[in-house]
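In the UniProt record's numbering, the protein residues as written are 1 to 464.
Cβ coordinates follow ideal geometry from the N, Cα and C atoms, glycine included.
Predicted, not measured: the structure shown is a model, and the values here were computed from it.
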Ligand code: GUN
Ligand code: ZN
């Protein structure tokens, strides 16, 4: 395969920084070149410094445009493809019961599920999301459609069917027996995990074990899933669920979970500690391939336990605003050392673009009261959109930035609409570093689908 060289303004975070080190890791090359050969990054640097060995590379001139790593969405709901902006007249639990369970039940129809899988894939390409952790449908045929569409398009996905074994009347179509909960998840792993290459380490397709949240399952389900995970942990299988999202006193998600499971810490339910002091317990679902969506109201001990086990958070500020869930405390969460990534939570959120998510994160965290308020650095915003996501997916060695040898997942941004005017005409600081940060900030805040011109995964142009 002959090499390709892409010219444009390059932004990425080099190396393997923590979020607190993102500003130092920020690379900005206004007249940049990205050489891609055999699906991998071979060179990133100044246009004038492209090594002689790539002089025959096919040029792609995007001067005036930007080259950035593909966005990584670590929490989105496939069966909520058509459920954005659903009005439930309440917070999380009312919204789930009234709007979401009925919407997700429509995926029982295979034709409808197939249509949704195609739409989901089109939307994520338009939003430049090259890798995703997808909360899946309860219905195996819908998951088959999702994996098949994703593979056909050449994208990456981690997903698993949403597991529910208990729930009220509107959840009934989504429920299975305890036995089927395990059997269907095992079948999905066997069918799709690593399916494209036969090896999860080189695959674009991965499977996760996805209990919806503790209130949708039982101690028995969690115990059985812990055992299933133990069996597949070394084969790169993932775990995905929700944690500490809604703290309405008494009747909200967190208090209800503590009551049902008789625990003081919600995280304990996923950590094999269902009933302290009793014999009912099990294997932990935490680890470096586990992503907890939201984690807005964590105790210090919960954050420490996630950091200790390598479990990541998917921060979903758009959804948290919509569902009245509150704001994940940025400084305290960062200080705990837990890895933070970004999720649209589409369904709860109403944007597909990860840059919209990090834009809302900026607005929320600058508004946190008192000393908690902080102005996120644009490199921190880029971190949760890219490197933090790759780390959450435990594939940072494969993608997330433009370090030489990485698989070439990137976006060509050709500023359109309002973004074009802002980037062309804004006043920038005389200070070069600040001017660089201002440009990245404007790019992330102002980016819309109309400016995402091309999307590449493993060096191949993705098609919908
Ligand atoms: N907790 C359990 N299910 C869901 C869901 O579908 N969306 C959100 N935001 N939180 C949940
Ligand atoms: Zn969610």
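Looking at the ligand ZN, does it come within less than 6 Å of residue i, judged from the CB to the closest heavy atom?
i           : result
residue 345 : yes
residue 293 : yes
With a threshold of 6 Å, establish whether the CB of residue i neighbours any heavy atom of the ligand GUN.
i           : result
residue 319 : yes
residue 242 : yes
residue 213 : yes
residue 194 : no
residue 348 : yes
residue 100 : yes
Identify which residue in the options has its Cα closest to the Cα of residue i.
i           : options            : result
residue 326 : 289, 369, 350      : 369
residue 168 : 96, 398, 253       : 96
residue 60  : 47, 109, 248       : 47
residue 296 : 196, 220, 319      : 319
residue 236 : 363, 456, 332, 288 : 288
residue 193 : 249, 355, 239      : 239
residue 466 : 23, 52, 6          : Here the chain has residues from 1 to 464 only, and residue 466 is not among them.
residue 213 : 442, 269, 81, 181  : 269
residue 260 : 218, 161, 208      : 218
residue 98  : 417, 170, 180, 341 : 170
residue 396 : 341, 144, 234, 309 : 341
residue 57  : 114, 458, 179, 35  : 35
residue 32  : 25, 44, 26, 437    : 44
residue 456 : 316, 402, 437      : 402
residue 453 : 51, 62, 307        : 62
residue 64  : 394, 419, 215, 317 : 419
residue 8   : 460, 24, 121, 415  : 415
residue 231 : 190, 246, 265      : 190
residue 314 : 271, 393, 274      : 393
residue 18  : 434, 121, 387      : 387
residue 147 : 113, 163, 177      : 113
residue 3   : 50, 25, 24         : 50
Please confirm whether residue i and residue j have their CB atoms less than 7 Å apart.
i           : j           : result
residue 451 : residue 413 : yes
residue 298 : residue 224 : no
residue 28  : residue 78  : no
residue 359 : residue 292 : no
residue 330 : residue 294 : no
residue 211 : residue 172 : no
residue 221 : residue 257 : no
residue 323 : residue 92  : yes
residue 390 : residue 400 : yes
residue 22  : residue 379 : yes
residue 209 : residue 229 : yes
residue 116 : residue 81  : yes
residue 125 : residue 462 : yes
residue 67  : residue 362 : no
residue 195 : residue 149 : no
residue 226 : residue 160 : no
residue 355 : residue 447 : yes
residue 345 : residue 75  : yes
residue 343 : residue 408 : no
residue 162 : residue 135 : yes
ask   = Does the region 82-97 come close enough to the region 420-439 that 3 or more CB-CB pairs lie under 8 Å?
value = no
query = Is the region 301-310 in contact with the region 334-341, if contact means three or more CB pairs nearer than 8 Å?
reply = yes
query = Quick one: any contact between the region 281-290 and the region 37-52, if contact means 3 or more CB pairs under 8 Å?
reply = no
query = Counting pairs of beta carbons, one from the region 146-160 and one from the region 203-211, are three or more of them closer than 8 Å?
reply = yes
request  = Would you check if there are 3 or more beta carbon pairs closer than 8 Å linking the region 339-349 to the region 362-378?
outcome  = no
ask   = Given 8 Å as the limit, is there contact between the region 71-78 and the region 129-140, that is, 3 or more CB pairs closer than that?
value = yes
request  = Take every Cβ of the region 6-17, pair it with every Cβ of the region 382-393, and state whether three or more of those distances are shorter than 8 Å.
outcome  = yes
query = Given 8 Å as the limit, is there contact between the region 100-115 and the region 180-190, that is, 3 or more CB pairs closer than that?
reply = Not touching, per the Cβ criterion.
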